[in-house]
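Each residue of the sequence shown is one higher than the last, beginning at 1 in the numbering used here.
This report concerns only the one structure given below.
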Amino acid sequence: MREFGYQRVLDVSGAVALLDADPDARFLGGGTNLVDLMKTGVERPARLVDVRELPLDRIESTRDGGLRIGATVTNSDLAAHPEVRRRYPALTQAVLAGASGQLRNMATVGGNLLQRTRCGYFTDVTKPCNKRVPGSGCPAIEGEHHNHAILGASEHCVATHPSDMGVALTAFDAVVSYETADGPGELPLAAFYLPVGDTPHLETALPPGALITGVTLPPAPTAANSRYRKVRERASYAFAIGSIAAALDVEDGLVRDVRLAFGAVASRPWRAREAERALAGGPATADAFAAAANAELAAARPLPHNAYKVTLMRNLVVAVLTELAEEASR
């Protein structure tokens, strides 16, 4: 591990100024991803700027009926918050599915969104990886890729984004707030993560030196009838091989509103826009749910050992939306 400096900050402007003065520094929240990558030599910051004591640890209702979540709110506090559980139950379920209690107690909302899209080749510095060393290649394409991307990938990278929380936030049109030396800014989560393209080492649209200060969930009555379902290879805490955040509003047997986002299928949480369009105004039936899933997954380009994800995601869409439709009709 590279020798590094450490500094704790108590105000946002001071934190931003430190990174503005030292581009080789990194913000440290819970450190559940960053510190691991430092131990393997993937991340080598010259200084860690500890932001855990910043006054960004509150969850508050917005005037229009949404929620504002501070960047240093822990995953445990987010999952347990009564308004999150009541208004956005899929978000609580996603957070609880994401990691053990010990990790949830440490991990922060801002850090969760910034965890690296990664696979075993990325974390092994003895192997080539375009994310780690641009232009060195992507050995996963010809190698181990059973849990890699089927949507939105490129010849340069097929790794998947590991966040469960991010999938639920994507389904609910979350907006990320940040602060830079030039002032505050916002990014819809749909634009926060960059497509892989030929620059997989560039993962987010955040300006250099930006500090995430919070996430805003707009009001979404449909979100009260929502669910997060995660499939993994073992029952203990592990990355998903496929996941879905879904919300459904049904009236007289017809879909009035639907939100769908997939996890573990792309380099970023994947908003299933084609499936949503296919379902809007149509019947809330298993056949319609399957047809909508097929419309979304028509763009899938699986590799030889991960084609199972197409069937898996179709089955998840049908199962979860059928459950939500049945609950809505009670």
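Here a beta-carbon is modelled for each residue, glycine too, at the ideal position from N, C-alpha and C.
Where residue i sits in the DSSP three-state scheme
| i | result |
| --- | --- |
| F27 | strand |
| L321 | helix |
| G242 | strand |
| S154 | strand |
| G120 | helix |
| R314 | helix |
| K39 | helix |
| T222 | helix |
| S13 | helix |
| D22 | coil |
| V133 | coil |
| V125 | coil |
| Q115 | coil |
| L303 | coil |
| D257 | strand |
| P139 | helix |
| G101 | helix |
| G5 | strand |
Residue from the options whose Cα sits closest to the Cα of residue i
| i | options | result |
| --- | --- | --- |
| R85 | D124, I59, G101, V16 | I59 |
| A298 | A275, H305, N306 | A275 |
| A238 | P128, R47, S100 | S100 |
| A174 | L91, R8, L321, P23 | L91 |
| T170 | A220, D11, A293, R314 | A220 |
Residue i - partner residues in DSSP beta bridges
| i | result |
| --- | --- |
| T74 | T108 |
| F262 | I244, W270 |
| Y193 | T204 |
| G183 | T180 |
| Y228 | A245 |
Buried versus exposed call for residue i [16 or more other C-beta atoms within 10 Å across all chains shown]
| i | result |
| --- | --- |
| D252 | exposed |
| L202 | exposed |
| M1 | exposed |
| G166 | buried |
| K39 | exposed |
| S243 | buried |
| Y6 | exposed |
| S236 | exposed |
| S13 | exposed |
| E179 | buried |
Neighbour flag for residue i against chain D, beta carbons, 7 Å
| i | result |
| --- | --- |
| R2 | The chain labelled as chain D is not found in the depicted structure, where only one protein chain is given. |
**Study point:** Residue ranges of each beta strand (DSSP E) within the stretch 50 to 97, 3 or longer
**Key:** The stretch 50 to 97 contains these whole beta strand (DSSP E) runs: 59 to 61, 67 to 70.
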